[in-house]
Every structure is written in C-alpha cells, then in structure tokens.
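In the order they appear, the protein sequences are chains A and B. Sequential numbering of the first sequence, starting at 1, is according to our numbering. Sequential numbering of the second sequence, starting at 1, is according to our numbering.
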Amino acid sequence: MSEKPKIALYWCASCGGCEESVVDLAEDILFVVDNVDIVLWPVGLDFKKKDVEAMPDGSIVASLINGAIRTTEQEEMARMLRRKSQVVIAYGACAQLGGIPGLANQFSLETILKFVYEEAPSVVNELKTRPLERFKDNGRTTELPGLWNVVRTLDQVIDVEYYIPGCPPSPKLLKEAVLALLSGHLPPVGTVLAPDIALCEECSKKDTKPTDLKFESFKRTHLWEVDPEKCLLSQGFLCMGPATRSGCGALCVEGNMPCTGCYGPTSRVRDQGAKFLSSISSSIGADSVEDIDKILVGIPDPVGTFYRYGLPGSMLKRKVVL
Amino acid sequence: MPNHNTEKQWTPKIVAFFCNWCTYTAADLAGVSRIKHAPNIRVIRVMCSGRVDPQFLLDAFAKGADGVLIGGCHPGDCHYIEGNYKCLRRFQLLQKMTTDMGIEPDRLRLEWISASEGDKVRVVVNDMVSKVTKLGPLGLPDKFKSWDEEMKIFEHSIEEKEVFEHV
Ligand code: SF4
Ligand code: SF4
Ligand code: FES
C-alpha cells in the first residue's frame with residue numbers, strides 16, 4: 001500500500017538493550033513509524049521470517065541488526081537480511097565489535113557448555129543433559145541452531161555499510177541515522193554514525209584532566225570513593241574516555257562511573273584496547289620492572305578491561321590456543 | 001611475507017622494531033663486522049622505542065610474525081629522555097595481556113642494546129630464535145582462516161535449505 005521506505009530491525013547475540021534503545025526514542029518513535037514501514041522487528045511486531053523472505057531482494061531500505069554472531073541461525077538471518085536490504089547497519093557494540101558476548105572468545109565452546117550445563121553453582125543436572133541440535137520425538141524432528149566456536153562481529157559475516165556504536169546506542173544517534181536514511185544523504189560506506197572525537201571532549205570533568213598523568217596505583221570503583229569533581233582517570237580509575245568515541249553524552253562518567261569503552265574507537269584507531277593500554281601504561285609512575293609490575297597488580301584482567309566490548313573485532317580476535 | 005618454509009625445516013619469522021639511535025645502529029655494526037646471527041629477523045627502524053605502538057606489535061602477530069622483538073636505548077640513554085621507559089611500561093602490561101590471550105611470553109621481547117653492542121644483537125637474536133623455534137609457529141593468519149572454516153560448512157547447509165524452500 002504505502003511507498004514508505006521499509007526498515008527491518010533484528011537481534012542476534014545481544015542482551016535486548018539495543019531493542020530498549022529503540023523504545024527509548026519515546027515520542028520520536030511516532031515520527032519513525034510515520035515515516036518508515038517496519039517490516040521485521042521480532043521484539044515488537046509480529047512479522048515472520050517468511051514474510052521477509054517473500055519480499056524482493058533489495059526491497060528493504062535498511063536493516064538495523066544488533067548483536068554479535070554466534071549461532072547458525074543468526075548467520076542465516078543476517079545473510080537473508082543482507083540480500084533483502086540496500087543498507088545494513090551494525091547497531092550497537094555487539095554487532096560492531098563483538099560486545100560483551102564477544103568476551104566468550106577467551107574460552108572454548110566445550111568449556112562454556114560444560115560450565116553452563118554442568119558446573120555453574122546454580123545448576124543441578126545429574127544426567128549432564130545438554131541441548132541437541134537435532135532431536136527426534138514421535139516421528140517429528142526438532143532442530144536447534146548450532147553454536148559456532150567463535151563469536152564474530154556482524155561485518156565478519158556479511159557486508160555492512162554503517163555502524164551505530166554503543167552499549168546500547170543513544171536514541172539520539174538512532175534518530176540521526178533514520179533522518180540520514182530518509183534524506184538519502186548518506187556518508188561514505190564504512191562510516192561509524194557518531195562524532196569522530198574522543199569521549200573526553202564531551203565530558204564535564206575534562207578541565208580537571210592533567211596533561212601529564214602519573215599513576216601510582218590503579219583503583220577500582222567498588223573499593224575507593226570517587227571525587228565527583230575531578231577527572232576519573234586522574235584519580236586512578238581506568239576511565240577509557242581518551243580511547244573511546246564520543247556520542248553517548250558521557251553518560252557513565254557523569255554518573256561518576258569510569259567509561260568502559262562501549263562506543264568503540266575513533267576512526268584513527270584500529271585496536272581500541274591496545275590504544276588504551278598504551279596510553280595508560282605509558283603514564284605509570286615507575287621506571288623499574290618490579291615497581292611497574294606492582295602498580296599493574298591494579299589491572300588484574302587486562303583482556304576483560306581493555307576489550308570489554310571489542311574482543312572479536314580486535315586484532316587478535318580470540319584467544320590463540322583454545 | 002612469502003612462506004618458503006616447509007613443515008620440516010620451519011624457522012620462525014621475527015619482526016624487530018629497533019630504535020634508530022642504538023639497536024638499529026648496533027644491528028648495522030653487527031652486519032659490517034660480519035657478526036653472524038640467525039637470519040630470521042625482519043628489522044623495522046623506528047625513531048625511538050617509545051614510538052612502538054602496541055598496535056604495531058599485535059598487527060605483526062596478526063599478520064604472521066612468530067615473535068616480536070623491540071630494541072631500545074639503555075635506561076637513561078633515550079634521545080627523547082623517557083621514550084624507553086614508556087616502552088618498558090607498555091611492554092609489561094602488553095605482555096600480561098598477550099599472555100592471557102594465549103601468546104607465550106617468549107614471543108614478545110624487549111632488550112636494551114646500545115649502538116656499540118653489535119655482539120649483543122647476535123646473542124639476543126639467536127636466543128630468541130631458539131626459544132621461538134621451540135615454541136613452534138604462532139601462525140595467526142592460518143588460525144584465522146581455520147576458525148572461519150565453520151562458516152563455510154554452514155553456508156552449504158543454508159544453500160541446500162534455501163534451494164529446498166524455494167522449490
Ligand atoms: S578520562 Fe574520563 S573522567 Fe577524565 S576527562 Fe576523559 S572521560 Fe572525563
Ligand atoms: S561513558 Fe563510555 S561506557 Fe558509558 S555509555 Fe559512554 S561510551 Fe559507553
Ligand atoms: S631514542 Fe632509543 S629508545 Fe628512545
């Protein structure tokens with residue numbers, strides 16, 4: 001009936017926060033609904049896969065896909081949406097960089113399954129039952145998606161035109177992206193649709209950030225009181241503001257929690273974790289191996305700290321031996 | 001880098017970032033004095049060990065290096081005063097991180113070698129080559145490829161299914 005541009009929203013390995021961010025558009029969602037036709041949105045609307053499959057290839061203006069890719073079903077849906085769409089947008093940190101689910105790239109699939117189905121303290125499973133990919137009962141076969149060994153970013157599986165960063169993205173970025181899609185004035189393919197400056201630039205504490213940092217120790221927020229007036233990094237909290245793209249409005253930092261880096265790197269950085277690691281470690285206030293290591297005790301989990309949202313998209317992608 | 005190695009006579013590829021003012025000159029001196037060291041290193045000249053961005057090191061591993069060596073001026077001798085200390089601090093944290101990622105500590109090494117220590121270049125390179133040889137190939141490019149095999153297997157199964165569904 002309508003000639004409104006068609007949009008699909010889909011989720012893969014994600015927590016649902018990205019879906020929430022769509023709802024967080026609040027009254028702007030009415031503007032979106034007035035101007036586009038949503039043809040798939042499993043969280044919010046009752047369209048089926050076959051409805052989209054029946055559409056001609058390239059008939060969806062844009063698919064916004066959130067979540068990392070871990071299962072065969074996720075790949076299947078991503079590939080189908082790729083075919084049907086003119087533009088695919090990796091929506092949120094998991095789709096862009098792997099996100100929190102990407103931290104699983106430090107463990108083998110077997111380790112994860114064993115923990116989840118046998119060893120987790122809350123699990124009682126004496127028969128060690130695990131879900132099967134294929135199960136026959138009463139002559140009917142039930143299939144479950146297969147799990148891959150590796151968690152991947154969306155662009156490691158299908159071509160992606162744009163990225164909207166964040167865990168989750170701010171509704172403002174989503175609205176701007178929809179406006180850009182409607183206007184047809186799209187930036188070059190590969191662009192991250194958020195300001196290309198570091199988070200510190202939009203932080204209200206930035207005037208108290210010294211040019212010459214010197215760390216005598218690294219502090220963790222549950223053990224130390226935060227001075228709300230001062231740059232968190234200057235207090236020894238690992239605030240990733242200097243290595244993180246802005247666009248969130250410095251949400252965490254304004255709440256006196258250090259930035260953990262969910263908006264990913266700016267365009268000038270390839271590996272956000274390595275960049276942040278580099279910038280903070282060079283300011284450690286010690287010159288000998290022993291003294292440096294004493295201060296580094298304050299960073300017990302470098303991978304989880306520096307690659308909290310970006311392990312699959314990093315240079316190493318995954319633990320080398322698993 | 002073309003891979004001339006066969007399974008049998010595999011030898012490691014080591015990427016070396018040498019400071020222009022010290023280790024690079026020392027490696028040059030070693031060459032001029034015909035000091036023989038294992039031929040496995042590819043040297044990249046940098047203006048200071050403090051210029052070595054951890055991204056370079058990870059990139060070297062990701063592109064196929066089996067080991068990465070950094071050579072800088074001795075403490076107190078850096079032309080840019082603090083560059084080598086910055087390098088040391090980064091190195092300590094980076095090695096902790098790469099070890100957690102499964103890359104053995106011996107694959108990443110930092111040494112202070114002054115311009116006159118041509119023989120130290122030989123000792124360090126030979127020692128590193130022998131240690132990395134014992135560890136065997138890191139081979140990240142091949143690993144990345146083999147990790148992605150699982151996607152191919154699946155592509156076939158979807159194609160089959162799609163053909164089936166479209167009949
Ligand atoms: S490091 Fe963190 S607290 Fe300090 S200015 Fe940057 S974003 Fe703000
Ligand atoms: S402050 Fe950092 S972690 Fe928090 S929302 Fe912004 S980018 Fe993400
Ligand atoms: S100039 Fe040689 S390490 Fe800085």
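Ideal Cβ positions, reconstructed from N, Cα and C, are used throughout, including at glycine.
Proximity test, Cβ basis, 8 Å: residue i and chain A
i	result
residue 106 of chain B	no
residue 151 of chain B	yes
residue 62 of chain B	yes
residue 58 of chain B	yes
residue 96 of chain B	yes
residue 137 of chain B	no
residue 85 of chain B	yes
residue 90 of chain B	yes
residue 101 of chain B	yes
residue 75 of chain B	yes
residue 17 of chain B	no
residue 147 of chain B	yes
residue 93 of chain B	yes
residue 13 of chain B	no
8 Å Cβ cutoff met for residue i and residue j
i	j	result
residue 311 of chain A	residue 98 of chain A	yes
residue 12 of chain B	residue 66 of chain B	yes
residue 58 of chain B	residue 301 of chain A	no
residue 194 of chain A	residue 241 of chain A	no
residue 155 of chain A	residue 90 of chain A	yes
residue 94 of chain B	residue 277 of chain A	yes
residue 262 of chain A	residue 203 of chain A	no
residue 234 of chain A	residue 298 of chain A	no
residue 243 of chain A	residue 226 of chain A	no
residue 253 of chain A	residue 160 of chain A	no
residue 35 of chain A	residue 6 of chain A	no
residue 118 of chain A	residue 125 of chain A	yes
residue 79 of chain B	residue 112 of chain B	no
Backbone secondary structure at residue i - three-state DSSP
i	result
residue 10 of chain A	strand
residue 37 of chain A	strand
residue 111 of chain B	strand
residue 18 of chain A	helix
residue 66 of chain A	strand
residue 137 of chain A	strand
residue 81 of chain B	coil
residue 26 of chain B	helix
residue 219 of chain A	strand
residue 9 of chain B	coil
residue 17 of chain B	strand
residue 314 of chain A	coil
residue 102 of chain A	helix
residue 237 of chain A	strand
residue 117 of chain A	helix
residue 224 of chain A	coil
residue 79 of chain A	helix
residue 186 of chain A	coil
residue 44 of chain A	coil
residue 260 of chain A	coil
Rounded Cβ spacing between residue i and residue j (contact assumed at less than 8 Å)
i	j	result
residue 103 of chain A	residue 101 of chain B	So it is not a contact: roughly 12 Å between Cβ atoms.
residue 372 of chain A	residue 273 of chain A	The requested residue 372 of chain A does not occur in the structure, where chain A is confined to residues 1 to 322.
residue 43 of chain B	residue 16 of chain B	5 Å
residue 287 of chain A	residue 175 of chain A	Going by Cβ atoms, the distance from residue 287 of chain A to residue 175 of chain A rounds to 50 Å, so no, they are not a contact pair.
residue 62 of chain A	residue 96 of chain A	Going by Cβ atoms, the distance from residue 62 of chain A to residue 96 of chain A rounds to 16 Å, so no, they are not a contact pair.
residue 19 of chain B	residue 76 of chain B	Residue 19 of chain B to residue 76 of chain B, Cβ: 14 Å. No contact.
residue 21 of chain A	residue 169 of chain A	5 Å
residue 81 of chain A	residue 65 of chain A	6 Å
residue 145 of chain B	residue 320 of chain A	The Cβ separation is near 14 Å, so there is no contact.
residue 26 of chain B	residue 130 of chain B	Not confirmed; about 20 Å, so no contact.
residue 68 of chain B	residue 122 of chain B	Not confirmed; about 18 Å, so no contact.
residue 71 of chain A	residue 148 of chain A	7 Å
residue 81 of chain B	residue 49 of chain B	With 8 Å as the limit, residue 81 of chain B and residue 49 of chain B do not qualify as a contact, their Cβ atoms being about 12 Å apart.
residue 230 of chain A	residue 285 of chain A	About 17 Å separates the two Cβ atoms, so there is no contact after all.
8 Å Cβ cutoff, residue i in contact with chain B
i	result
residue 303 of chain A	yes
residue 85 of chain A	no
residue 268 of chain A	no
residue 75 of chain A	yes
residue 55 of chain A	no
residue 321 of chain A	yes
residue 1 of chain A	For residue 1 of chain A, the predicted model reports a pLDDT of 49, less than 50, meaning its position is unreliable and no value from the coordinates is stated.
residue 82 of chain A	no
Exercise. Could you please tell me which residues of the segment 211-227 of chain A, in chain order, have their CB closer than 9 Å to any CB of chain B?
Key: If the cut-off is 9 Å between Cβ atoms, the segment 211-227 of chain A has nothing near chain B.
Practice problem: Residues of the segment 271-290 of chain A with a CB closer than 7 Å to any CB of chain B: list them in chain order, please. | Solution: Per Cβ criterion, the list reads 271, 274, 275, 277, 278, 281, 282, 284, 287 and 289.
Self-check item: Interface residues of the segment 127-149 of chain A facing chain B [CB-CB below 9 Å]
Solution: Cβ proximity to chain B below 9 Å picks out 146, 148 and 149 from the segment 127-149 of chain A.
Quiz item: Can you pull every residue whose C-beta falls closer than 6 Å to some heavy atom of ligand 4, listed in chain order?
Solution: In terms of ligand content, the structure shown lacks ligand 4 and carries ligand 1, ligand 2 and ligand 3 instead.
Quiz prompt | Residues of the segment 150-178 of chain A whose Cβ lies closer than 9 Å to any Cβ of chain B, in chain order | solution = So the close ones are 150, 152, 156 and 157.
Quiz item: Using a beta-carbon distance cut-off of less than 7 Å, what residues from the segment 20-51 of chain A approach chain B?
Solution: Listed by position along the chain: nothing, the set is empty.
Self-check item: Interface residues of the segment 28-55 of chain B facing chain A [CB-CB below 7 Å]
Solution: Within the segment 28-55 of chain B, the qualifying residues are 53, 54 and 55.
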